[in-house]
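Residue numbers (the numbering used here): 106 to 478. Think of the CB as a built atom: it goes at the ideal place given N, C-alpha and C, for glycine as much as any other residue. This one's a predicted model, so the numbers in the text were calculated from it and none came from an experiment. What follows is a single structure, written as structure tokens, with notes after it.
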């Protein structure tokens, strides 16, 4: 296993400083790094353009403008802004399921693993996990779970089905489109609402070539992050039909999410949406060219997942000093994703920072790092 020992305070400070550079290529995160200075500068520009329109408790103003824009982007009738994706997922499943307490989801999903059993503790919903340790479950697995729910000694049908794609805990691996179609068709046949945790939907779309609206059309509701890559410090959007979204601001406020003022992050997100789909598609295409060249080098290679999104595995030969490798790249303005125990090899996250430098410069930096003593 390759490991980076660069967890020291001075190394972290060096990495954070390099990430502020406007020509740094940062292979971590889904969006471009934002500093306090860059955020304030963008807000000042939006203020000068008259785009900072205040809201009242997350109603109206820039919040409403973002909701309307994202509903259009995703091809749905209505949308509601949420301060977090956790809240967006929870309120969607709560509304879909109602008093039918079973919610079927992936065992590796954020809603099951990373939200503190909120479905059960806050809304009396019982998460039924499928596909343990895997990115997705199949329509056949879902059919078996649905049958089990209605053939036991006590009738306990499913009230909603949730799919996360890409799956963060599985290095951004996705649910294949044909499997997603099969699952949602089964949901419609059974009259069960379906929800997409599409926090990184734009990453998945760039990787597969399947359009944003095409994905969203499969589901009754979709959540998309509005901070991970749109340049805002917080926020999420939940879309669905008008009846589904109607009055949900009451639920949002009941759960403490009706912020007195949400127009600053909403305005930043709204500005970040402009042209993003095209820019990210360019970034993904650039990454494929860069990685093809890196794979010609000896001692290092970039490996894609069979069902991957914007995350790739970086395989480094054991003979290479990984600390020196990382340091050399950092000197060249290339920031790697520090490895954690979540995945056995380092991961490269593609974002639009890869457009900042010519292909040959990025490849040369990797070549020099591989050959450094």
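Does residue i pass the burial test, meaning 16 or more other C-beta atoms within 10 Å, or should it be called exposed?
i	result
residue 465	exposed
residue 258	exposed
residue 135	buried
residue 408	exposed
residue 260	exposed
residue 210	buried
residue 121	exposed
residue 297	buried
residue 310	buried
residue 154	exposed
residue 150	exposed
residue 152	exposed
Less than 8 Å between the beta carbons of residue i and residue j, yes or no?
i	j	result
residue 395	residue 405	no
residue 220	residue 235	no
residue 303	residue 270	yes
residue 216	residue 194	yes
residue 168	residue 368	yes
residue 173	residue 185	no
residue 198	residue 263	no
residue 306	residue 280	no
residue 373	residue 226	no
residue 376	residue 200	no
residue 413	residue 312	yes
Give me, in chain order, the residues of the same chain whose beta-carbon lies closer than 8 Å to that of residue i; leave out the 5 immediate sequence neighbours on both sides.
i	result
residue 461	127, 128, 129 and 130
residue 341	186, 187, 188, 189, 190, 192, 193, 304, 328, 329, 330, 331 and 332
Note down, in chain order, each residue of its chain lying with its Cβ closer than 7 Å to the Cβ of residue i, except the 5 sequence neighbours on either side.
i	result
residue 123	129, 435, 438 and 440
residue 324	289, 299, 300 and 301
residue 180	318, 321 and 322
residue 457	137, 384, 385 and 388
Compare the Cα-Cα distances from residue i to each of the options and report the closest residue.
i	options	result
residue 388	308, 355 and 412	308
residue 398	195, 367 and 468	468
residue 451	183, 457, 337 and 430	430
residue 244	256, 291 and 390	291
residue 365	125, 187, 178 and 142	187
residue 422	363, 334, 212 and 402	402
residue 418	447, 121, 426 and 472	447
residue 62	413, 455, 379 and 476	Here the chain covers residues 106 to 478 and nothing more, so residue 62 does not appear.
residue 233	157, 330 and 206	206
residue 338	178, 132, 145 and 118	145
Short of 6 Å in beta carbon distance, which residues of its chain neighbour residue i, apart from the five on each side in sequence? Order them along the chain.
i	result
residue 240	272, 275 and 278
residue 214	269
residue 202	208, 230, 264 and 265
residue 508	There is no way to answer for residue 508, as the model of the chain reaches only from 106 to 478.
What residue ranges within the region 170–238 form continuous beta strand (DSSP E) runs of no fewer than 3 residues, ordered along the chain?
-> Complete beta strand (DSSP E) runs here, min 3: 183–187, 207–211 and 231–235.
Would you mind listing the beta strand (DSSP E) stretches within the region 234–280 that are 3+ residues and don't spill past its ends, in chain order?
-> Taking only runs of at least 3 residues, the beta strand (DSSP E) segments lying wholly in the region 234–280 are 263–269.
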